[in-house]
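Chemist: One structure follows; several queries about it will come next.
Structural data, given as structure tokens:
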């Protein structure tokens, strides 16, 4: 294993005593001693949490017809949104239709699209796009040119306003704003991965520490906490949001993972189109369902799921303890013989745990 990459905020995390771990090749904070996962999770649900997500990739596709090119290879229909809007989309394998990555596309103009892929997949996504790009369209890997800070929770707009940053945008819209505190540009997007009202702030790498310092200082009176990727995982699981590498992968298609709403089925071209149309027509052999424990069991990835007759019917892809519900929850790829409302057994370290098959989210999302 090579040396781990570090965020521009690494020194801040060390100073706060964060527990650091490898996340997609980056040394990132999992939790902080002041809060821990449970308190950080609660801060996001009740007030505001501040996350360093600078490990996420950043890439720029630019040149005449850049947006049309992106639309011809990624799954979602970029033509449905206008400049100044962002869109969840998928980069699928051309042959199998499996998900090479899920990412956010920021549409700047017909000639420029900014992409945010997952940390571990950035090089692969850029490689795929660069190899397919037509003459005149360039693909730049800007992974360490920008940092990203997520501000999430019901008091997130209050915190943003206190720093003079815009808060009025619609969900999945973004603006390039001038941050009065430093006179630098920040891209403010009304998005997030927690289910709460929130924002994601993209700033130049060198400007990110000052932005973090201002957010944490102004957020303290509002009950804000710095939050690690442990709380980010429990929050996204309560929403049923998939994580690439677990709930999505090159062996799991958008149809199986129930993110086929992010596929522009009417488009004539995108990677994996033929395979996905065929699977959609016949129906997938398995589907991603939510699991909610009815006992004290906590599902974990790769645990086997058994149907009512005791036969294996699937595997847990994501599992955790829900701080909100105070019970075990998870996501699992399960044979189509099992459906919503059924009861299954999960092998939790050699002991059967009874769980209900449900459709996420496990807790209500906040109004957008």
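In my numbering, the protein residues as written are 10 to 377. Positions of the beta carbon are idealized from the N, C-alpha and C atoms, including for glycine.
Would you please state the rounded distance, in angstroms, between the beta carbons of residue 224 and residue 195? I believe it to be under 8 Å.
Modeler: The Cβ separation is near 11 Å, so there is no contact.
Chemist: Excluding sequence positions up to five away, which residues of its chain have a Cβ less than 6 Å from the Cβ of residue 238?
Modeler: Excluding sequence neighbours, residue 238 sits near 32, 37, 39.
Chemist: Nearest CA to the CA of residue 234: which residue from 276, 186, 168, 261?
Modeler: For residue 234, the nearest C-alpha among the options comes from 168.
Chemist: Let me check one thing: in DSSP terms, what residues is residue 360 bridge-paired to?
Modeler: Answer is 357.
Chemist: Near residue 216, which residues of its chain fall below 7 Å by C-beta distance, leaving aside the five closest residues on each side in sequence?
Modeler: Only 191, 193 meet the Cβ criterion.
Chemist: Output the distance between the C-alpha atoms of residue 179 and residue 291, rounded to the nearest integer angstrom.
Modeler: Answer to the nearest angstrom: the Cα atoms are 37 Å apart.
Chemist: Which two residues bound the contiguous beta strand (DSSP E) that contains residue 37?
Modeler: Run containing residue 37: 35-40, per the beta strand (DSSP E) assignment.
Chemist: Buried or exposed: where does residue 152 fall if 16 or more other Cβ atoms within 10 Å of its Cβ makes it buried?
Modeler: Its Cβ being crowded by 16 or more others within 10 Å, residue 152 is buried.
Chemist: To the nearest angstrom, how far is it from the Cα of residue 349 to the Cα of residue 300?
Modeler: Taking the straight line joining both Cα atoms gives about 10 Å.
Chemist: Which of the three DSSP states, helix, strand or coil, is assigned to residue 86?
Modeler: Coil at residue 86, not helix or strand.
Chemist: Let me confirm a value: residue 119 is counted as buried when at least 16 other C-beta atoms fall within 10 Å, else exposed. Which label applies?
Modeler: Its Cβ having fewer than 16 others within 10 Å, residue 119 is exposed.
Chemist: According to the Cβ coordinates, are residue 65 and residue 90 closer than 7 Å?
Modeler: No.
Chemist: Less than 8 Å between C-beta atoms, sequence neighbours within five positions excluded: which residues of the same chain meet that for residue 262?
Modeler: Closer than 8 Å at Cβ, skipping near neighbours: 101, 105, 106, 107, 108, 281, 284, 285, 288, 293.
Chemist: Taking Cβ to Cβ, would you say residue 207 is nearer than 7 Å to residue 158?
Modeler: It is not a contact, given that the beta carbons lie outside the stated cut-off.
Chemist: Mind reading off the beta-carbon distance from residue 312 to residue 366? Whole number of angstroms is fine, and I expect it under 8 Å.
Modeler: Their Cβ separation, rounded to whole angstroms, is 15 Å, which puts residue 312 and residue 366 out of contact at 8 Å.
Chemist: Label residue 243 either buried or exposed according to how many other C-beta atoms from any shown protein chain fall within 10 Å of its C-beta, with 16 as the threshold for buried.
Modeler: Looking at its Cβ environment, which holds 16 or more other Cβ atoms inside 10 Å, residue 243 is buried.
Chemist: Along the beta strand (DSSP E) that carries residue 61, what are the first and last residues, could you check?
Modeler: Taken as a continuous stretch (DSSP letters only), the beta strand (DSSP E) holding residue 61 covers 58-61.
Chemist: Pick out the complete beta strand (DSSP E) segments inside the region 291-325, 3 residues or longer, and give them in chain order.
Modeler: 295-302, 313-315, all fully within the region 291-325.
Chemist: Cβ atoms of residue 127 and residue 110: under 7 Å apart, would you say?
Modeler: Cβ atoms of residue 110 and residue 127: closer than 7 Å.
Chemist: Looking at C-alpha atoms only, which residue of 368, 19, 54, 278 is the closest neighbour of residue 164?
Modeler: Looking at the Cα atoms, 54 is the closest of the given residues.
Chemist: Give the DSSP-derived three-state secondary structure of residue 49 in the structure shown.
Modeler: Three-state DSSP puts residue 49 in a helix.
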